[in-house]
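To start, the structure under review is shown below, and the notes come after it.
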């Protein structure tokens, strides 16, 4: 009976772990602002994405209300040059990070608090206002006319309905911590009730190895599913491709840690059997 309860507890712990680990990763790296910024920050170093993003930011600057028409024609080459040089400015990394923070708050905010132009029933958006402000500052210093940067500049990067997915992820991802606690209790119960604890350790280790492989396959399937949907927006598709690659690499480190932990538990179980065997015979 004790062996049956221990086996049941191990199975329960593994099932809870299967859902807990991905949920915790999503919460820490996507739902939480600091994790999202750390994960997405390297995207700003992609040359193609930098160029498209800088062009979108510069093109959103309205010079009609601040620059006379005869001068506006002369400003156009300055705008085009700014689009190519924006990413080389010393303040670009800070502006890109602030862009990610503002975008995260926009997409993960309460729908009732969103501005009218950010329809909560449509796609995900980037708020590139910090980059626009940086470009406006650069252009103002070159033409000698103060340009006003908008407080918000939205660029769609997703497809219809994806904001609802974000809302569901935000609601359920934090539950991973409770699931992890339940898994820990189940494993502890298995160790307490088992007649042969080495079997419990080895069983948990084998399960961890299996989960590592399962998570790897699920991650690849999710990545392929996301990349298989084209939005028709080159910048959006580029952002999606780079973000998915960064997410897959980040989660891969967790699956590797799970595999290493599983192997260590198997070794510990076998060692316990070897050490404990002679003691039981005496």
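In our numbering, the protein residues as written are 37 to 318. Note that CB positions come from ideal geometry on N, CA and C, so glycine has one too. All figures in this text were calculated on a predicted structure; none of them were measured in a lab.
Give me the DSSP bridge partner(s) of residue i.
i, result
"residue 190", "163"
Thinking residue i and residue j are a contact (beta carbons under 8 angstroms), I'd like their distance in whole angstroms, please.
i, j, result
"residue 324", "residue 243", "Residue coverage of the chain in this structure runs from 37 to 318, which leaves residue 324 outside it and unanswerable."
"residue 131", "residue 79", "Contact doesn't hold; Cβ gap of about 14 angstroms is too wide."
"residue 189", "residue 93", "7 angstroms"
"residue 85", "residue 274", "5 angstroms"
"residue 255", "residue 287", "5 angstroms"
"residue 222", "residue 48", "5 angstroms"
"residue 224", "residue 199", "The Cβ separation is near 40 angstroms, so there is no contact."
"residue 206", "residue 67", "5 angstroms"
Can you check which of these residues, the options, is closest to residue i by C-alpha distance?
i, options, result
"residue 37", "251, 229 and 262", "229"
"residue 81", "301, 293, 279 and 289", "279"
"residue 289", "61, 204 and 49", "61"
"residue 167", "160, 161, 186 and 245", "186"
"residue 298", "177, 224 and 246", "246"
"residue 202", "42, 142, 312 and 213", "142"
"residue 162", "192, 208 and 177", "192"
"residue 253", "272, 129, 296 and 291", "291"
"residue 69", "124, 127, 144 and 53", "144"
"residue 53", "160, 294, 165 and 206", "294"
"residue 250", "55, 41 and 40", "55"
"residue 300", "234, 221, 276 and 277", "234"
"residue 285", "40, 65, 48 and 41", "65"
"residue 204", "49, 59, 48 and 39", "59"
"residue 51", "296, 219, 276 and 304", "219"
"residue 209", "44, 63, 39 and 43", "63"
"residue 125", "174, 160 and 165", "174"
"residue 39", "177, 263, 83 and 226", "226"
"residue 312", "283, 232 and 303", "232"
"residue 172", "207, 264, 121 and 206", "121"
Return no unless some Cβ of chain B is closer than 8 angstroms to the Cβ of residue i.
i, result
"residue 135", "Reference to chain B is not applicable here, since this structure consists of a single protein chain."
Answer yes if the region 298-313 comes into contact with the region 238-252, meaning at least three C-beta pairs across the two stretches below 8 angstroms, and no otherwise. At 8 angstroms Cβ cutoff, the stretches touch.
With three or more beta-carbon pairs closer than 8 angstroms as the criterion, would you say the region 245-262 touches the region 80-89? Three or more beta-carbon pairs separated by less than 8 angstroms are not found between the region 245-262 and the region 80-89, which leaves the two stretches without contact.
Is the region 123-143 in contact with the region 71-81, if contact means three or more CB pairs nearer than 8 angstroms? With three or more CB-CB distances shorter than 8 angstroms, the region 123-143 counts as touching the region 71-81.
Going residue by residue through the region 210-250, where are the continuous beta strand (DSSP E) segments of at least 3 residues, counting only ones entirely within it? If only complete runs of 3 or more residues are kept, the region 210-250 shows no beta strand (DSSP E) anywhere.
Which complete alpha helix (DSSP H) runs does the region 44-70 hold, if anything under 4 residues is left out? Considered as a whole, the region 44-70 harbours no complete run of any alpha helix (DSSP H) with no fewer than 4 residues.
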